[in-house]
Amino acid sequence: MDLTQIPFHSLLGLERSSKTGFVFSFPDDEKYTNHIGIVHASALTSLAEITSGECIVLLSKSLPFEIVPVVCRLETRFKHPAEGAIHSRYLLKDEEFETCARRLEARGKATLAVEVEVCTSNGQQVLTGTVNYFISKK
Numbered sequence: 183m184d185l186t187q188i189p190f191h192s193l194l195g196l197e198r199s200s201k202t203g204f205v206f207s208f209p210d211d212e213k214y215t216n217h218i219g220i221v222h223a224s225a226l227t228s229l230a231e232i233t234s235g236e237c238i239v240l241l242s243k244s245l246p247f248e249i250v251p252v253v254c255r256l257e258t259r260f261k262h263p264a265e266g267a268i269h270s271r272y273l274l275k276d277e278e279f280e281t282c283a284r285r286l287e288a289r290g291k292a293t294l295a296v297e298v299e300v301c302t303s304n305g306q307q308v309l310t311g312t313v314n315y316f317i318s319k320k
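Be aware that the sequence shown starts at 183, since it is given in this note's numbering, and climbs by one per residue.
#1: For GLY311, is the classification buried or exposed, using 16 other Cβ atoms within 10 angstroms of its Cβ as the cut-off for buried?
#2: Output the distance between the C-alpha atoms of CYS237 and GLY266, rounded to the nearest integer angstrom.
#3: Based on Cα-Cα distance, which residue from ALA288, GLU197 and PHE279 lies nearest to SER242?
#4: Would SER207 and HIS269 be called neighbours here (beta carbons separated by less than 7 Å)?
#5: For GLU197, which three-state DSSP category applies?
#6: Using 10 angstroms around the beta-carbon of ILE218, count the other beta-carbons present and answer buried if the total reaches 16, otherwise exposed.
#7: According to DSSP, which residues form a beta bridge with ALA292?
#8: Return the CA-CA distance between VAL298 and TYR272, expressed in angstroms with no decimal places.
#9: Decide if the segment 302 to 310 is in contact with the segment 215 to 231; the criterion is three or more beta carbon pairs, one per stretch, under 8 Å apart.
#10: Could you check how far apart the C-beta atoms of ILE249 and LYS319 are, in whole angstroms? I think they sit under 8 Å.
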């Protein structure tokens with residue numbers, strides 16, 4: 183599944199990031215700004231949540247059955263105002279990914295907490311967060 187092709191993500195203008203080590207980005211565009219000219223908090227949060235979904239796509243591909251992932255909690259911390267293009271990445275240890283896959287296979291359900299980060303083009307961290315998923319077999 184290509185997350186850039188999901189209708190809502192397309193509406194937002196989601197792109198694959200051209201920056202090494204990052205997954206997705208929103209371009210430098212006025213449509214992402216708020217009334218004071220910085221990137222809107224909802225744009226930052228949307229990019230973070232979408233990025234966590236890339237982990238779910240990878241998990242789904244590694245399993246011999248379909249899954250139903252649902253975000254059950256989203257926690258973010260805004261670090262600095264963002265201007266211009268923004269880029270995102272997830273941070274997940276291999277052991278957390280493998281533990282989730284094993285639990286899904288054994289119990290049919292699991293949880294997964296995906297750490298996310300959004301940065302400006304010059305690398306300044308503007309948001310950190312955790313997206314928690316409840317995942318079950320379909």
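For glycine and all other residues, C-beta sits at the position ideal for the given N, C-alpha and C.
Inspection of the coordinates gives the following:
#1: In the sequence shown, residue 311 corresponds to position 129, counting from 1. Looking at its Cβ environment, which holds 16 or more other Cβ atoms inside 10 Å, GLY311 is buried.
#2: Stepping through the sequence shown from its first residue, residue 237 is reached at position 55. Stepping through the sequence shown from its first residue, residue 266 is reached at position 84. The straight-line gap from Cα to Cα measures roughly 26 Å.
#3: As a first step, residue 242 is located in the sequence shown; it is residue number 60 there, counting from the start. Of ALA288, GLU197 and PHE279, the residue nearest in Cα terms is PHE279.
#4: Looking up residue 207 in the sequence shown gives position 25. Looking up residue 269 in the sequence shown gives position 87. Yes.
#5: If you number the sequence shown from 1, residue 197 lands on position 15. It is a strand residue.
#6: For this step, residue 218 is matched to residue 36 along the sequence shown. Around the Cβ of ILE218, a 10 Å sphere holds fewer than 16 other Cβ atoms; the residue is exposed.
#7: Translated into positions along the sequence shown, residue 292 becomes position 110. Per the DSSP secondary-structure output, ALA292 pairs in a beta bridge with ILE317.
#8: Along the sequence shown, one-based indexing puts residue 298 at 116. Along the sequence shown, one-based indexing puts residue 272 at 90. Between VAL298 and TYR272, the C-alpha separation is close to 4 Å.
#9: As far as the Cβ criterion goes, the segment 302 to 310 touches the segment 215 to 231, which means the pair count is three or higher.
#10: For this step, residue 249 is matched to residue 67 along the sequence shown. For this step, residue 319 is matched to residue 137 along the sequence shown. The Cβ separation is near 6 Å, so the contact holds.
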